[in-house]
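A.B. asks: My questions all concern the structure below.
Protein chains: 2
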Amino acid sequence: MTIDRLAEEISRKNAPVVVGLDPNLTLIPEFIKRKAYAEFGESLEGAAEAVWQFNKAIVDATADLIPAVKPQIAMYEQFGIPGLEVFKRTTQYCQEKGLLVIGDVKRGDIGSTSAAYAAAHLGQVKIGSKTFAPFDEDFATVNPYLGSDGVKPFTDVCQACGKGIFVLVKTSNPSSGEFQDREVDGRPLYELVGQKVDEWGAGLIGKCGYSAVGAVVGATYPEMGRVLRKVMPKAFILVPGYGAQGGKAEDLKVFFNPDGLGAIINSSRGIIAAWKKEPYAHFGEEGFADASRQAVKDMIADINSHR
Amino acid sequence: MTIDRLAEEISRKNAPVVVGLDPNLTLIPEFIKRKAYAEFGESLEGAAEAVWQFNKAIVDATADLIPAVKPQIAMYEQFGIPGLEVFKRTTQYCQEKGLLVIGDVKRGDIGSTSAAYAAAHLGQVKIGSKTFAPFDEDFATVNPYLGSDGVKPFTDVCQACGKGIFVLVKTSNPSSGEFQDREVDGRPLYELVGQKVDEWGAGLIGKCGYSAVGAVVGATYPEMGRVLRKVMPKAFILVPGYGAQGGKAEDLKVFFNPDGLGAIINSSRGIIAAWKKEPYAHFGEEGFADASRQAVKDMIADINSHR
Numbered sequence: 072m073t074i075d076r077l078a079e080e081i082s083r084k085n086a087p088v089v090v091g092l093d094p095n096l097t098l099i100p101e102f103i104k105r106k107a108y109a110e111f112g113e114s115l116e117g118a119a120e121a122v123w124q125f126n127k128a129i130v131d132a133t134a135d136l137i138p139a140v141k142p143q144i145a146m147y148e149q150f151g152i153p154g155l156e157v158f159k160r161t162t163q164y165c166q167e168k169g170l171l172v173i174g175d176v177k178r179g180d181i182g183s184t185s186a187a188y189a190a191a192h193l194g195q196v197k198i199g200s201k202t203f204a205p206f207d208e209d210f211a212t213v214n215p216y217l218g219s220d221g222v223k224p225f226t227d228v229c230q231a232c233g234k235g236i237f238v239l240v241k242t243s244n245p246s247s248g249e250f251q252d253r254e255v256d257g258r259p260l261y262e263l264v265g266q267k268v269d270e271w272g273a274g275l276i277g278k279c280g281y282s283a284v285g286a287v288v289g290a291t292y293p294e295m296g297r298v299l300r301k302v303m304p305k306a307f308i309l310v311p312g313y314g315a316q317g318g319k320a321e322d323l324k325v326f327f328n329p330d331g332l333g334a335i336i337n338s339s340r341g342i343i344a345a346w347k348k349e350p351y352a353h354f355g356e357e358g359f360a361d362a363s364r365q366a367v368k369d370m371i372a373d374i375n376s377h378r
Numbered sequence: 072m073t074i075d076r077l078a079e080e081i082s083r084k085n086a087p088v089v090v091g092l093d094p095n096l097t098l099i100p101e102f103i104k105r106k107a108y109a110e111f112g113e114s115l116e117g118a119a120e121a122v123w124q125f126n127k128a129i130v131d132a133t134a135d136l137i138p139a140v141k142p143q144i145a146m147y148e149q150f151g152i153p154g155l156e157v158f159k160r161t162t163q164y165c166q167e168k169g170l171l172v173i174g175d176v177k178r179g180d181i182g183s184t185s186a187a188y189a190a191a192h193l194g195q196v197k198i199g200s201k202t203f204a205p206f207d208e209d210f211a212t213v214n215p216y217l218g219s220d221g222v223k224p225f226t227d228v229c230q231a232c233g234k235g236i237f238v239l240v241k242t243s244n245p246s247s248g249e250f251q252d253r254e255v256d257g258r259p260l261y262e263l264v265g266q267k268v269d270e271w272g273a274g275l276i277g278k279c280g281y282s283a284v285g286a287v288v289g290a291t292y293p294e295m296g297r298v299l300r301k302v303m304p305k306a307f308i309l310v311p312g313y314g315a316q317g318g319k320a321e322d323l324k325v326f327f328n329p330d331g332l333g334a335i336i337n338s339s340r341g342i343i344a345a346w347k348k349e350p351y352a353h354f355g356e357e358g359f360a361d362a363s364r365q366a367v368k369d370m371i372a373d374i375n376s377h378r
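Chains as they are written, first to last, in this note's numbering: chain A, 72 to 378; chain B, 72 to 378.
So, in structure tokens, the structure goes:
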């Protein structure tokens, strides 16, 4: 099960950290874009090539330090088919480097439609007498708004293929409370979703003691994280919002279980765009990948000092 | 605005009906798959070619009768990159035939990520000095679980590009009530989401009197549809669940405003797989597109007799 590999790799590298590969063009150094546009034109293909070269350099510079990456598919989808080709190429490349890939796809639909998404991202499709794994991520993020019958096709594929999901429970954005925090039977909706995460994962516990059904809970809401940690003791928590969105390391302790496991903290812009920010500006534009490596080391140290 | 075109085309064709292009391989006649596999192999490319030929025949047979189609992107995503190429090709082909395209993508994320999805599906991306519209649907469906700041990037693009969205409010599946029906301040969550739909669309009212921000409400829940119709008087309601999922025409009246407008009813399997079902079986496998045409005519008559 990929959840066992994730737990192992976090322990082995002593790094409960995932790098978000969310390459907006504004985060990519000019010299990379120039070269890509020279070869492929100012086109979707040119943008996708720039994303690919950028990703590859960052992955090469950080793969030995981290257990996983989290490509945000929206950043690839915005470049159409060529962008999605690079999403797939990035996924494969990271897996070849021994990294686990959390596809941040936030899919979710009903019945046969969720089954199609689950096949696309985690499972296989049967075509005639053959089977194919179209995107083949190790984990995918899932939106729970449609309820259990929208999530079950994903857990079915987790069962069949040993993969995992992270269900959105409490997201890191400012207006996440608009619906997620509303009180239902005396407690907030996100707690109810958290309880369902616990239920959905009950039959999918790995050797590591954690379930294939994890949860997304934003670093920006540590008090809620503290409660949710207890509501879903077997769920790995994927925590976005550290760094650029304002989440601080001292707030992250609550997302871990007493054994120091059970959470993985994401940083996207804080790592991949480190070269644009003060403490790493001396690496220069050409040194963007080295800047990312240093930012990953600093992030790991920061988080480990508080768990 | 695409919402004005949608209202016009519904009136002109007297058909508040959208055909869901959700081509699972099991719904596609054997002779189409055989030909596609002979040419492209039992491969993602072969499956995508079968989907394309199937879609094209159904669109050719029904385009004069209907205002819009709703391709469900999951059914294309399950065939990887070749599948997504056919999603795009289908979108373009339908638009060339004068149809509006509702991309059933159920995307939704936070801030810059939602902006990337909105650019991908409805808007444009800037690459160097050029702009591109990657998928360029006329409408997209949006998941509201992340709240207003996840939806705003979509409404910004609606404003800028004249496009529209349909926000999931009350979905048609059996377990949709698990979260959507939970009582919040004395009324169900879906009503709160419905009220937000009304607010999000307030600045985006078209000449037709309807807003660019519509809602998805399942045909399987007519009593809730009756309430939601009043909560969101300016929202066009996209109604899935007619036919295969059990929604009946007599239950659909509540989704329309007193003027007989403001709703569009989707059927997917009931139309595209009509050839497999009793009343249309006499068309035979080779006559699948003619079966779809007859099923569309019957659906329009059925719905118009009750609105």
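For each residue, glycine too, the CB sits at the ideal point set by N, CA and C.
In chain order, which alpha helix (DSSP H) runs of at least 4 residues are fully inside the region 159 to 228 of chain A?
C.D. replies: If we require 4 residues or more, the alpha helix (DSSP H) runs fully inside the region 159 to 228 of chain A come out as 182 to 192.
A.B. asks: For A:Tyr261 and A:Met303, which I take to be in contact (beta-carbon distance under 8 Å), what is that distance rounded to the nearest angstrom?
C.D. replies: As a first step, residue 261 of chain A is located in the first sequence; it is residue number 190 there, counting from the start. As a first step, residue 303 of chain A is located in the first sequence; it is residue number 232 there, counting from the start. Wrong, their Cβ atoms sit about 11 Å apart, outside the cutoff.
A.B. asks: Just how far apart, CA to CA, sit A:Gln230 and A:Ile236?
C.D. replies: As a working note, residue 230 of chain A is residue 159 in the first sequence. As a working note, residue 236 of chain A is residue 165 in the first sequence. Approximately 11 Å, taken between the alpha carbons.
A.B. asks: Residues of chain A with CB under 8 Å from B:Ser219, in chain order?
C.D. replies: In the second sequence, the residue the question calls residue 219 of chain B occupies position 148. In chain order: Ser246 and Glu249.
A.B. asks: Just grab the DSSP bridge partners of A:Ser338 for me.
C.D. replies: For the purposes of this step, residue 338 of chain A is identified with residue 267 of the first sequence, where counting begins at 1. A:Val90, per the DSSP bridge assignment.
A.B. asks: When DSSP builds the beta bridges, which residues end up paired with A:Arg258?
C.D. replies: Position 187 of the first sequence, counted from the first residue, corresponds to residue 258 of chain A. Its beta-bridge partners are A:Val255.
A.B. asks: May I ask you to list, following chain order, the residues of the region 103 to 129 of chain B that have a beta carbon less than 7 Å from some beta carbon of chain A?
C.D. replies: Under the 7 Å Cβ criterion, the region 103 to 129 of chain B contributes Tyr108, Glu113, Ser114, Leu115, Gly117 and Ala118.
A.B. asks: Could you have a look at B:Gln143 and say whether DSSP puts it in helix, strand or coil?
C.D. replies: Locating residue 143 of chain B in the second sequence gives position 72, where the first residue counts as 1. Three-state DSSP puts B:Gln143 in a strand.
A.B. asks: Under DSSP, the alpha helix (DSSP H) around B:Lys241 begins and ends at which residues?
C.D. replies: For the purposes of this step, residue 241 of chain B is identified with residue 170 of the second sequence, where counting begins at 1. Per DSSP, B:Lys241 belongs to no alpha helix (DSSP H); it is in the beta strand (DSSP E), Gly235 to Lys241.
A.B. asks: Going by beta carbon distance, what residues of the same chain come within less than 6 Å of A:Ser185, once the five residues before and after it are set aside?
C.D. replies: The residue you call residue 185 of chain A lines up with position 114 of the first sequence. Around A:Ser185: Gly221 and Pro224.
A.B. asks: Please report the residue range of the beta strand (DSSP E) in which A:Leu309 lies.
C.D. replies: As a working mapping, residue 309 of chain A is identified with position 238 in the first sequence. Ile308 to Val310 is the span of the beta strand (DSSP E), which, as asked, contains A:Leu309.
A.B. asks: Taking all protein chains shown into account, decide if B:Ser363 is buried (16 or more other Cβ within 10 angstroms of its Cβ) or exposed.
C.D. replies: Here residue 363 of chain B corresponds to residue number 292 of the second sequence, with the count starting at 1. Flag for B:Ser363 reads buried.
A.B. asks: From which residue to which residue does the beta strand (DSSP E) around B:Ala286 run?
C.D. replies: For this step, residue 286 of chain B is matched to residue 215 along the second sequence. Segment Val284 to Val288, the beta strand (DSSP E) holding B:Ala286.
A.B. asks: Output yes or no for whether 9 Å exceeds the beta carbon distance between B:Glu357 and B:Phe102.
C.D. replies: Start at 1 with the first residue of the second sequence, and residue 357 of chain B comes out as number 286. Start at 1 with the first residue of the second sequence, and residue 102 of chain B comes out as number 31. Against a cut-off of 9 Å, the Cβ pair of B:Phe102 and B:Glu357 comes out as a contact.
A.B. asks: Using the DSSP secondary-structure output, state which residues sit across from B:Ile276 in a beta bridge.
C.D. replies: Counting from 1 along the second sequence, the entry for residue 276 of chain B is found at position 205. Beta-bridge pairing links B:Ile276 to B:Ser282.
A.B. asks: Within the region 327 to 375 of chain B, note down every full alpha helix (DSSP H) run reaching 4 residues or more, in order along the chain.
C.D. replies: Listed in chain order, the complete alpha helix (DSSP H) runs (minimum 4 residues) inside the region 327 to 375 of chain B are 340 to 343 and 359 to 375.
A.B. asks: Just confirm the distance between the C-beta atoms of A:Arg178 and A:Val213, as a whole number of angstroms; I'd bet it's less than 8 Å.
C.D. replies: Within the first sequence, numbered from 1, the residue matching residue 178 of chain A stands at position 107. Within the first sequence, numbered from 1, the residue matching residue 213 of chain A stands at position 142. About 6 Å; that satisfies the 8 Å criterion.
A.B. asks: Say whether chain A places a C-beta atom closer than 9 Å to the C-beta of B:Arg364.
C.D. replies: The count along the second sequence starts at 1 and reaches residue 364 of chain B at position 293. No - not a single Cβ of chain A is within 9 Å of the one on B:Arg364.
A.B. asks: Anything in chain A within Cβ reach of B:Arg258, meaning under 7 Å, just list it in chain order.
C.D. replies: Reading the second sequence from its first residue, position 187 is the one you call residue 258 of chain B. Neighbours of B:Arg258 on chain A: none; closest Cβ ~11 Å, over 7 Å.
A.B. asks: Tell me A:Tyr313's beta-bridge partners as DSSP assigns them.
C.D. replies: Looking up residue 313 of chain A in the first sequence gives position 242. Answer is A:Gly318.
A.B. asks: Use the C-beta contact count for A:Gly333: other C-beta atoms within 10 angstroms, 16 or more gives buried, fewer gives exposed.
C.D. replies: If you number the first sequence from 1, residue 333 of chain A lands on position 262. So A:Gly333 counts as buried.
A.B. asks: Check the Cβ of B:Asp227 against every Cβ in chain A and list those closer than 8 Å, keeping chain order.
C.D. replies: Position 156 of the second sequence, counted from the first residue, corresponds to residue 227 of chain B. Result: empty, since nearest Cβ-Cβ is about 14 Å, beyond 8 Å.
A.B. asks: Reducing DSSP to helix, strand and coil, say where B:Ala118 ends up.
C.D. replies: Mapped onto the second sequence, residue 118 of chain B falls at position 47. Here B:Ala118 sits in helix by DSSP.
A.B. asks: Is the beta carbon of B:Val268 sitting closer than 9 Å to the one on B:Val298?
C.D. replies: Within the second sequence, residue 268 of chain B is the residue found at index 197, counting from 1. Within the second sequence, residue 298 of chain B is the residue found at index 227, counting from 1. The answer is no: Cβ separation not under 9 Å.
A.B. asks: Can you give me the start and stop residues for the alpha helix (DSSP H) that A:Met72 sits inside?
C.D. replies: Position 1 of the first sequence, counting from 1, holds the residue named residue 72 of chain A. It is not in any alpha helix (DSSP H) - A:Met72 carries neither H nor E in the DSSP assignment.
A.B. asks: For B:Gly289 and B:Gly312, which I take to be in contact (beta-carbon distance under 8 Å), what is that distance rounded to the nearest angstrom?
C.D. replies: Within the second sequence, numbered from 1, the residue matching residue 289 of chain B stands at position 218. Within the second sequence, numbered from 1, the residue matching residue 312 of chain B stands at position 241. That pair is a contact at about 4 Å.
A.B. asks: Report all residues from its chain with a CB closer than 6 Å to the CB of B:Tyr188; omit the five preceding and five following residues, and keep chain order.
C.D. replies: For the purposes of this step, residue 188 of chain B is taken as the residue at position 117 of the second sequence. Answer for B:Tyr188: Arg178, listed in chain order.
A.B. asks: Any C-beta of chain B sitting closer than 9 Å to the C-beta of A:Val205?
C.D. replies: Indexing the first sequence from 1 puts residue 205 of chain A at position 134. Per the sequence shown, residue 205 of chain A should be read as Pro rather than Val. Judged by the 9 Å Cβ criterion, A:Pro205 is in contact with chain B.
A.B. asks: My assumption, with CB atoms under 8 Å, is that B:Leu193 sits in contact with B:Gly151. Please give the rounded CB distance.
C.D. replies: As a working mapping, residue 193 of chain B is identified with position 122 in the second sequence. As a working mapping, residue 151 of chain B is identified with position 80 in the second sequence. Not confirmed; about 23 Å, so no contact.
A.B. asks: Any C-beta of chain A within less than 7 Å: which residues of the region 161 to 191 of chain B qualify?
C.D. replies: Within the region 161 to 191 of chain B, the residues whose Cβ lies closer than 7 Å to some Cβ of chain A are Lys177, Gly179, Asp180, Ile181, Gly182, Ser183, Thr184, Ala187, Tyr188, Ala190 and Ala191, listed in chain order.
A.B. asks: With 9 Å as the threshold, decide whether the Cβ of A:Pro293 is near any Cβ in chain B.
C.D. replies: Counted from its first residue, the first sequence places residue 293 of chain A at position 222. Not one chain B Cβ lies under 9 Å of A:Pro293.
A.B. asks: Take A:Trp346 and list the residues in its own chain whose beta-carbon comes closer than 8 Å to its own, dropping the five residues that flank it on each side.
C.D. replies: Here residue 346 of chain A is taken as the residue at index 275 of the first sequence, counted from 1. If we look at A:Trp346 and ignore the five residues flanking it on each side, its Cβ neighbours are Pro100, Ala352, Phe354, Gly355, Glu356, Gly358, Phe359, Ala362 and Ser363.
A.B. asks: Report the residue from A:Val240, A:Arg253, A:Glu321 and A:Asp209 whose alpha carbon sits nearest the alpha carbon of A:Gly218.
C.D. replies: As a working mapping, residue 218 of chain A is identified with position 147 in the first sequence. That would be A:Val240, whose Cα lies nearest to the Cα of A:Gly218.
A.B. asks: Cα separation between B:Val366 and A:Ala190?
C.D. replies: If you number the second sequence from 1, residue 366 of chain B lands on position 295. If you number the first sequence from 1, residue 190 of chain A lands on position 119. For the sequence presented, residue 366 of chain B should be read as Ala rather than Val. Computed Cα separation, rounded: 30 Å.
A.B. asks: Kindly indicate if chain B contains any beta-carbon less than 9 Å away from that of A:Lys278.
C.D. replies: Within the first sequence, residue 278 of chain A is the residue found at index 207, counting from 1. Not closer than 9 Å to any Cβ of chain B, the Cβ of A:Lys278 fails to qualify, so no.
A.B. asks: Using a Cβ cut-off of 9 Å, pull out every chain A residue sitting near B:Gln143, in sequence order please.
C.D. replies: The residue labelled residue 143 of chain B in the question sits at position 72 within the second sequence. In chain order: Asp180, Thr184 and Ala187.
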